[in-house]
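**Student:** So the protein sequences, as listed, match chains A and B.
Per this note's numbering, the very first residue in the first sequence carries number 28; after that it's consecutive.
Per this note's numbering, the very first residue in the second sequence carries number 26; after that it's consecutive.
Each residue gets a CB set at the ideal place from its N, CA and C atoms; glycine is no exception.
Got a structure for you, questions after.
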Amino acid sequence: MNKLIGTMLVLLVLLGALAGCAAPEPTKAPPPPAATQVPATSVPAATKPPATAAPAPTTAPVASAPVKIVYWRALSGAPGDAQEEIAKRFNASQKEVQVEVQFQGTYPELQRKLQAALAARTTPDVVMFDSPQMPYFAKNGALAPLDDFAKGADSVDLKNYIPGLLADGYFDGKLYALPFARSTPILYFNRDLFKEVGLPDRAPETWDEFLEFSKKLVKKEGAETKRVGYAVQMGTTTAHWYFQELLYAYGNDVSDDKFKVLIDQPEGVAAAKFLQDMIFVHGAAIPGTGPDGAQGEFTNQRSGMHFGSTGSLVNIISTSKFQVGVGFMPAAKRRQVPIGGSVLAVLSASPKEKQAAAWKFIKYMTNTESNVYFVQKTGYMPISTSAVNSPEMKEFLAKNPAFKIAVEQLQFVRPQASIIAVPEATEIFRQLVEKLTVGKIDPATAMKEASAALTKAYNETFK
Amino acid sequence: MNASQASAAIFGFPRLTHYQRERLTFLALIAPNFILFGVFTFWPLIYNFYLSFNKWNMITPTPTWIGLDNYATMIQDPIFWKVLGNTLYLASGSIAIRLVLALALALVLNQKLAGRDVYRAIIFSPTFTTGAAVALVWTWILHKNLGLLRLPLDLLGIASPNWLTDVNWTIPALIIVTIWRGLGYDMVIFLAGLQSIPAELYEAARVDGAGRWSLFRHITLPMLSPISFFLIVTSIIGALQVFDIVAVMTGGGPMNSSKVYVYYVYENAFKFFKVGYAAALSMALFVITLGITIFQTRLSRRWVHY
Numbered sequence: 028m029n030k031l032i033g034t035m036l037v038l039l040v041l042l043g044a045l046a047g048c049a050a051p052e053p054t055k056a057p058p059p060p061a062a063t064q065v066p067a068t069s070v071p072a073a074t075k076p077p078a079t080a081a082p083a084p085t086t087a088p089v090a091s092a093p094v095k096i097v098y099w100r101a102l103s104g105a106p107g108d109a110q111e112e113i114a115k116r117f118n119a120s121q122k123e124v125q126v127e128v129q130f131q132g133t134y135p136e137l138q139r140k141l142q143a144a145l146a147a148r149t150t151p152d153v154v155m156f157d158s159p160q161m162p163y164f165a166k167n168g169a170l171a172p173l174d175d176f177a178k179g180a181d182s183v184d185l186k187n188y189i190p191g192l193l194a195d196g197y198f199d200g201k202l203y204a205l206p207f208a209r210s211t212p213i214l215y216f217n218r219d220l221f222k223e224v225g226l227p228d229r230a231p232e233t234w235d236e237f238l239e240f241s242k243k244l245v246k247k248e249g250a251e252t253k254r255v256g257y258a259v260q261m262g263t264t265t266a267h268w269y270f271q272e273l274l275y276a277y278g279n280d281v282s283d284d285k286f287k288v289l290i291d292q293p294e295g296v297a298a299a300k301f302l303q304d305m306i307f308v309h310g311a312a313i314p315g316t317g318p319d320g321a322q323g324e325f326t327n328q329r330s331g332m333h334f335g336s337t338g339s340l341v342n343i344i345s346t347s348k349f350q351v352g353v354g355f356m357p358a359a360k361r362r363q364v365p366i367g368g369s370v371l372a373v374l375s376a377s378p379k380e381k382q383a384a385a386w387k388f389i390k391y392m393t394n395t396e397s398n399v400y401f402v403q404k405t406g407y408m409p410i411s412t413s414a415v416n417s418p419e420m421k422e423f424l425a426k427n428p429a430f431k432i433a434v435e436q437l438q439f440v441r442p443q444a445s446i447i448a449v450p451e452a453t454e455i456f457r458q459l460v461e462k463l464t465v466g467k468i469d470p471a472t473a474m475k476e477a478s479a480a481l482t483k484a485y486n487e488t489f490k
Numbered sequence: 026m027n028a029s030q031a032s033a034a035i036f037g038f039p040r041l042t043h044y045q046r047e048r049l050t051f052l053a054l055i056a057p058n059f060i061l062f063g064v065f066t067f068w069p070l071i072y073n074f075y076l077s078f079n080k081w082n083m084i085t086p087t088p089t090w091i092g093l094d095n096y097a098t099m100i101q102d103p104i105f106w107k108v109l110g111n112t113l114y115l116a117s118g119s120i121a122i123r124l125v126l127a128l129a130l131a132l133v134l135n136q137k138l139a140g141r142d143v144y145r146a147i148i149f150s151p152t153f154t155t156g157a158a159v160a161l162v163w164t165w166i167l168h169k170n171l172g173l174l175r176l177p178l179d180l181l182g183i184a185s186p187n188w189l190t191d192v193n194w195t196i197p198a199l200i201i202v203t204i205w206r207g208l209g210y211d212m213v214i215f216l217a218g219l220q221s222i223p224a225e226l227y228e229a230a231r232v233d234g235a236g237r238w239s240l241f242r243h244i245t246l247p248m249l250s251p252i253s254f255f256l257i258v259t260s261i262i263g264a265l266q267v268f269d270i271v272a273v274m275t276g277g278g279p280m281n282s283s284k285v286y287v288y289y290v291y292e293n294a295f296k297f298f299k300v301g302y303a304a305a306l307s308m309a310l311f312v313i314t315l316g317i318t319i320f321q322t323r324l325s326r327r328w329v330h331y
């Protein structure tokens with residue numbers, strides 16, 4: 028009986044295998060007729076222009092068929108919907124290129140999928156990058172240089188893009204990306220609390236004033252601190268951004284264009300000491316860990332001031348039960364604000380004609396009309412002079428004074444430091460901020476250690 | 026016999042010996058699982074082993090062979106030792122407490138209590154809740170000032186530690202969450218074990234005058250030993266692979282105090298683009314896990330009764 032069952036099973040499996048072998052045949056068989064039929068109808072079209080180097084002759088007449096490209100986008104919610112809408116408008120606006128938008132999650136998720144796609148050699152044609160991630164992919168040959176396209180038949184006036192925003196599309200002297208959803212850090216403050224403690228109804232101008240304001244905002248109940256001036260951003264994707272602004276303000280350039288790390292220079296150490304003293308000497312700040320990070324502390328009124336992305340503007344105003352004020356990031360020796368957000372790049376693995384189509388698409392995505400639409404829908408920054416000066420934008424800014432301040436701050440933006448492009452850099456910066464704000468490690472030592480770690484990481488993975 | 030011969034004859038198969046037929050049956054039966062395991066487990070393992078001798082970022086087309094460099098780097102990498110220590114701390118800190126609590130709960134909920142199914146369901150519920158959701162809720166519970174956990178601590182007059190900010194408290198915080206999350210599963214397994222102990226054993230022992238403690242000590246515990254062994258092995262493996270709650274709650278911070286092994290592997294592969302190094306780290310974890318499991322199995326001969 029056992030043997031009988033066994034034999035039957037074997038037979039079943041073998042039959043299955045036979046069926047499996049047989050299956051391809053029917054599918055193989057039909058195509059010939061289909062393949063012969065299709066050309067038969069389109070033979071005139073296909074034979075007349077024989078020289079037009081058709082790469083895929085079986086897929087219908089080439090001359091009129093649009094080039095299909097795939098765009099991988101990040102960002103969900105309003106910025107996601109706005110991208111879909113702009114892509115739809117692009118497809119409707121012309122017949123040569125049809126783009127398919129594919130949502131891939133957050134910036135890090137998209138980047139991981141791109142890594143896997145590159146390893147599997149099935150890449151999309153256009154991708155969105157968190158701007159500091161772009162150079163590493165460019166350096167490793169994954170991206171197509173865009174200079175020729177920018178000058179070619181579909182040329183674009185690069186001078187129209189805001190210089191600080193276009194700058195981080197370059198790597199090694201070549202253009203690899205155009206700015207798209209850009210954001211900058213701005214200072215948010217709790218106007219109600221400012222009034223309560225007798226502060227003026229404006230943001231502090233300098234870091235020193237920021238400290239003075241913070242001290243006034245501190246509230247204690249016994250030994251417990253109930254409120255501080257500022258909760259420091261500690262997140263893996265945010266700590267480095269705000270800390271760079273402090274270093275820039277203190278006159279430290281973080282790193283030069285040859286990736287030499289400069290943070291352990293005196294201005295850098297002074298900036299680090301300032302941040303540490305705010306917590307441990309003045310008790311005017313806390314590390315912003317915990318749920319929702321520093322922003323949670325601000326919206327729960329446990330801190331009176333907050334640095335946040337311009338992209339969070341709508342969110343912060345709507346989740347706060349108080350009047351929110353907005354101002355420039357504080358200055359010290361100078362005012363310089365590191366730009367954030369994303370850029371659009373084209374993959375080098377795509378064939379030339381798809382690259383050209385991809386260029387058309389990113390040109391459209393970043394043109395004045397699309398940008399004005401995107402800005403109005405999302406609160407990201409305008410990226411070109413023509414967008415800033417357009418009547419629609421002016422009207423929009425008049426209605427949104429908080430957003431106007433963010434746009435005015437654009438004159439102070441500069442790209443993030445070169446060293447941020449090294450993959451380990453953001454994690455090293457996060458640990459540096461932790462050492463300063465949690466570990467109470469001597470600023471000179473912490474900056475020196477971080478500098479060594481950044482240089483080592485650069486030599487290992489980027490050089 | 027006849028039928029099979031007949032069918033073989035009909036389909037034109039050559040006559041197979043008994044041994045050949047058995048072999049074919051065996052192959053046919055294991056094939057579906059074996060292929061799946063092969064594609065999704067063995068091949069990645071082999072390829073991972075190969076990658077561990079390479080330097081690669083997954084962006085350039087091909088890996089570069091660098092021999093044992095990744096393993097040499099690993100031994101000299103202070104963060105490797107740190108995360109290994111963190112992971113073992115988390116594993117040892119959570120497993121014993123978890124199993125003892127789970128056994129106690131299982132014993133209680135094995136009694137005929139009113140509403141015990143409800144309790145069982147409640148205690149089991151963390152098991153089927155997503156790790157990320159659990160982690161997010163716990164970041165609130167553990168908040169120094171706003172957290173729920175502050176209430177009992179205040180009652181006891183203890184100042185709540187800065188669970189997720191203080192380098193000394195991050196692993197204890199993770200231990201609490203891991204225990205809470207794993208308790209229900211362990212309890213259900215223990216319950217199944219308890220219910221499979223034959224009632225005659227207890228009856229016989231009672232006839233011989235055994236008290237409650239003796240019953241537990243000499244019947245329940247030994248009869249549960251295979252289950253306990255299973256749970257110890259699987260929870261150690263699970264604890265060595267903790268990832269999601271760390272990713273959501275702390276991101277390994279502050280200052281690497283809560284960085285666990287698998288999170289470090291992930292960071293190296295997908296944030297630092299050191300795929301080869303991540304592969305080497307994975308191989309090391311594989312060997313460590315295998316070593317611990319073999320050691321456990323050896324040890325189990327002394328205390329597990331089947």
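Can you tell me whether Gly367 of chain A is helix, strand or coil according to DSSP?
**Tutor:** strand
**Student:** With a Cβ-Cβ cutoff of 8 Å, do Asp174 of chain A and Ala385 of chain A count as a contact?
**Tutor:** no
**Student:** Please report how far the alpha carbon of Tyr291 of chain B lies from the alpha carbon of Gly406 of chain A, in whole angstroms.
**Tutor:** 33 Å
**Student:** Helix, strand or coil for Gln131 of chain A, going by three-state DSSP, please let me know.
**Tutor:** coil
**Student:** Buried or exposed for Ala180 of chain A, please, with buried defined as at least 16 other CB atoms from any protein chain shown within 10 angstroms of its CB.
**Tutor:** exposed
**Student:** So, using beta-carbon positions, are Gly200 of chain A and Thr85 of chain B closer together than 8 Å?
**Tutor:** no
**Student:** Does DSSP classify Arg441 of chain A as helix, strand or coil?
**Tutor:** strand
**Student:** What separation, rounded to the nearest whole angstrom, lies between the Cα atoms of Ala433 of chain A and Ile213 of chain A?
**Tutor:** Using only the alpha carbons, I get a separation of about 7 Å.
**Student:** Quick one: is Val399 of chain A near chain B, going by C-beta distance under 8 Å?
**Tutor:** no
**Student:** Taking Ala272 of chain B as the reference, give the member of B:Gly156, B:Phe297, B:Arg326 and B:Phe320 with the closest Cα.
**Tutor:** The shortest C-alpha separation from Ala272 of chain B is found at B:Gly156.
**Student:** Are Leu193 of chain A and Ala177 of chain A touching if we call contact CB-CB under 8 Å?
**Tutor:** no
**Student:** Under a CB-based cut-off of 8 Å, is Lys107 of chain B close to chain A?
**Tutor:** no
**Student:** Indicate whether at least one CB of chain B lies closer than 8 Å to the CB of Gln443 of chain A.
**Tutor:** no
**Student:** For Val64 of chain B and Ala143 of chain A, I'd like the C-alpha separation in whole angstroms.
**Tutor:** 17 Å
**Student:** Determine the extent of the beta strand (DSSP E) in which Gln101 of chain B is found, giving its start and end residues.
**Tutor:** It is not in any beta strand (DSSP E) - Gln101 of chain B instead sits in the alpha helix (DSSP H) that spans Asp94 to Gln101.
**Student:** Count the other C-beta atoms from every protein chain shown that fall within 10 angstroms of the C-beta of Ser478 of chain A, then say buried if there are 16 or more, exposed otherwise.
**Tutor:** By the 10 Å Cβ count, Ser478 of chain A comes out buried.
**Student:** By the 8 Å beta-carbon criterion, what residues does the segment 151-165 of chain A contribute toward chain B?
**Tutor:** Cβ contacts with chain B come from Tyr163 and Phe164.
**Student:** Please confirm if the segment 200-213 of chain B is in contact with the segment 101-119 of chain B, defined as three or more CB-CB distances below 8 Å between the two stretches.
**Tutor:** yes
**Student:** Please tell me whether Thr42 of chain B has its Cβ less than 8 Å away from any Cβ of chain A.
**Tutor:** False, the Cβ-Cβ gap to chain A never drops below 8 Å.
**Student:** How about Pro103 of chain B: is its C-beta nearer than 8 Å to some C-beta of chain A?
**Tutor:** no
**Student:** Out of A:Ala429, A:Phe325, A:Arg209 and A:Gly196, state which residue places its alpha-carbon closest to the alpha-carbon of Ser241 of chain A.
**Tutor:** It is A:Phe325 whose Cα lies nearest to the Cα of Ser241 of chain A.
**Student:** Is the separation between the beta-carbon of Gln322 of chain A and that of Arg254 of chain A shorter than 8 Å?
**Tutor:** no
**Student:** So, is the C-beta of Ala473 of chain A closer than 8 Å to a C-beta in chain B?
**Tutor:** no
**Student:** Assuming contact is defined by CB atoms lying nearer than 8 Å, are Val258 of chain B and Trp81 of chain B in contact in what I supplied?
**Tutor:** no
**Student:** Going by the beta-carbon positions, is the gap between His267 of chain A and Arg457 of chain A smaller than 8 Å?
**Tutor:** yes
**Student:** What do you reckon, are the CB atoms on Pro251 of chain B and Tyr331 of chain B nearer than 8 Å?
**Tutor:** yes
**Student:** For Thr85 of chain B, which residues in chain A fall below 8 Å Cβ to Cβ?
**Tutor:** Asn167 and Gly168
**Student:** Going by DSSP, name the residue or residues bridged to Glu248 of chain A.
**Tutor:** A:Glu251
**Student:** Select from the segment 459-484 of chain A all residues with a C-beta closer than 8 Å to any C-beta belonging to chain B, and list them in chain order.
**Tutor:** For the segment 459-484 of chain A, the set of residues with a beta-carbon nearer than 8 Å to any beta-carbon of chain B comprises Glu461, Lys462, Val465, Gly466 and Ala484, in chain order.
**Student:** Mapping the DSSP letters down to three states, classify Asn73 of chain B as helix, strand or coil.
**Tutor:** helix
**Student:** Of the choices A:Phe237, A:Pro159, A:Gln350 and A:Val402, whose alpha-carbon is the least far from that of Leu309 of chain A?
**Tutor:** Note that residue 309 of chain A is His in the sequence shown here, rather than Leu. Out of A:Phe237, A:Pro159, A:Gln350 and A:Val402, A:Phe237 has the C-alpha closest to the C-alpha of His309 of chain A.
**Student:** With 8 Å as the threshold, decide whether the Cβ of Leu491 of chain A is near any Cβ in chain B.
**Tutor:** With chain A covering only 28 through 490, there is no way to say anything about residue 491 of chain A.
**Student:** Could you please give the first and the last residue of the uninterrupted beta strand (DSSP E) stretch that includes Asp157 of chain A?
**Tutor:** Val153 to Asp157
**Student:** Find the residues of chain A that neighbour Glu228 of chain B, judging by a C-beta separation of less than 7 Å, and give them in chain order.
**Tutor:** Here the premise fails: no neighbours, minimum Cβ distance about 39 Å.
**Student:** Between which two residues does the alpha helix (DSSP H) carrying Phe186 of chain B extend?
**Tutor:** A small fix is needed here, since residue 186 of chain B is Pro in this sequence, not Phe. No alpha helix (DSSP H) contains Pro186 of chain B, which DSSP labels as neither H nor E.
**Student:** Is Arg46 of chain B helix, strand or coil by DSSP?
**Tutor:** DSSP, reduced to helix, strand and coil, places Arg46 of chain B within a helical segment of the structure shown.
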